[in-house]
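Structure first, commentary second.
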Amino acid sequence: MPQSSSRMLKKNPRESTNFSFPMLPPPPTSIYKAKVFVKLDEKNDNFLIWRQLVEPVIEGHRLHMFLTRSAIRRNAGSSNNDFEEKDQILFSWILSTLSESMLARVIGCTNSKQLWEKLHNFFKNRARAKV
Numbered sequence: 001m002p003q004s005s006s007r008m009l010k011k012n013p014r015e016s017t018n019f020s021f022p023m024l025p026p027p028p029t030s031i032y033k034a035k036v037f038v039k040l041d042e043k044n045d046n047f048l049i050w051r052q053l054v055e056p057v058i059e060g061h062r063l064h065m066f067l068t069r070s071a072i073r074r075n076a077g078s079s080n081n082d083f084e085e086k087d088q089i090l091f092s093w094i095l096s097t098l099s100e101s102m103l104a105r106v107i108g109c110t111n112s113k114q115l116w117e118k119l120h121n122f123f124k125n126r127a128r129a130k131v
């Protein structure tokens, strides 16, 4: 007599079918592999498009905390250079997505948070001026 299909599908209880993937973030240097094919440019007025492309990359690499005030407060005075290293990697990657005219506007920024805020404020003020 043939076995029922439900009986044939039973697995050995000792065999594990659960897959476990480590929840480690990608190394921050892997952000350099992420290409954003739209340079942020004031002439093209493409801030919203640029941000739509850049934010998922930053969040996907779990670096968004470097753009918030709380991350800086939490890590202030830390003897660990890991925070500064990751921040500078993100900072240089964001700079690589800017046009030459925008690079001139962010001279003096020294960290990701400053850069992010300066870019947001620049385009926010431009939008207000148009209204």
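Note that UniProt numbering has the sequence shown beginning at 1, numbered continuously upward. Glycine included, every Cβ here is placed at the ideal spot set by N, Cα and C. Quantities reported herein were computed from a predicted structural model and do not represent experimental measurements.
Exercise. Assuming Val38 and Ile49 form a contact by the criterion Cβ under 8 Å, report the distance between their Cβ atoms to the nearest whole angstrom.
Key: If you number the sequence shown from 1, residue 38 lands on position 38. If you number the sequence shown from 1, residue 49 lands on position 49. Right, the Cβ-Cβ distance comes to about 6 Å (below 8 Å), so this counts as a contact.
Practice problem: Report yes if the CB atom of Glu42 is closer than 7 Å to the CB atom of Ser101, and no otherwise. | Solution: Counted from its first residue, the sequence shown places residue 42 at position 42. Counted from its first residue, the sequence shown places residue 101 at position 101. In terms of Cβ geometry, Glu42 and Ser101 form a close pair [threshold 7 Å].
Self-check item: Inter-residue CB distance, Asp82 and Asn111 (contact presumed, cutoff 8 Å)
Solution: Position 82 of the sequence shown, counting from 1, holds the residue named residue 82. Position 111 of the sequence shown, counting from 1, holds the residue named residue 111. So it is not a contact: roughly 14 Å between Cβ atoms.
Exercise. Could you tell me which residues DSSP puts in a beta bridge with Leu115?
Key: What you label residue 115 is simply residue 115 of the sequence shown in a count that begins at 1. Looking at the DSSP assignment, Leu115 forms no beta bridge with any residue, so it has no partner.
Quiz item: How far does the alpha helix (DSSP H) with Met102 in it reach, from first residue to last?
Solution: Locating residue 102 in the sequence shown gives position 102, counting from the first residue. Per DSSP, Met102 belongs to the alpha helix (DSSP H) from 100-105.
Quiz item: Of the residues Phe91, Ile107, Asn121, which one's Cα is nearest the Cα of Leu63?
Solution: The residue given as residue 63 occupies position 63 in the sequence shown. It is Phe91.
Quiz item: Is the CB-CB distance between Leu98 and Leu40 below 7 Å?
Solution: Counting from 1 along the sequence shown, the entry for residue 98 is found at position 98. Counting from 1 along the sequence shown, the entry for residue 40 is found at position 40. In this structure, Leu40 lies closer than 7 Å to Leu98 by Cβ.
Quiz item: In angstroms, rounded to a whole number, what distance separates the CA positions of Ser30 and Lys118?
Solution: Taking the sequence shown and counting its residues from 1, one reaches residue 30 at position 30. Taking the sequence shown and counting its residues from 1, one reaches residue 118 at position 118. Distance from the CA atom of Ser30 to the CA atom of Lys118, rounded to whole angstroms, is 25 Å.
Quiz item: Nearest CA to the CA of Arg126: which residue from Ile107, Asn44, Ala34?
Solution: As a working note, residue 126 is residue 126 in the sequence shown. A check of alpha carbon separations from Arg126 across Ile107, Asn44, Ala34 identifies Asn44 as the nearest.
Self-check item: Member of Phe123, Ala129, Arg128, His61 whose CA lies at the smallest distance from the CA of Trp93
Solution: Here residue 93 refers to the residue found at position 93 of the sequence shown. It is His61.
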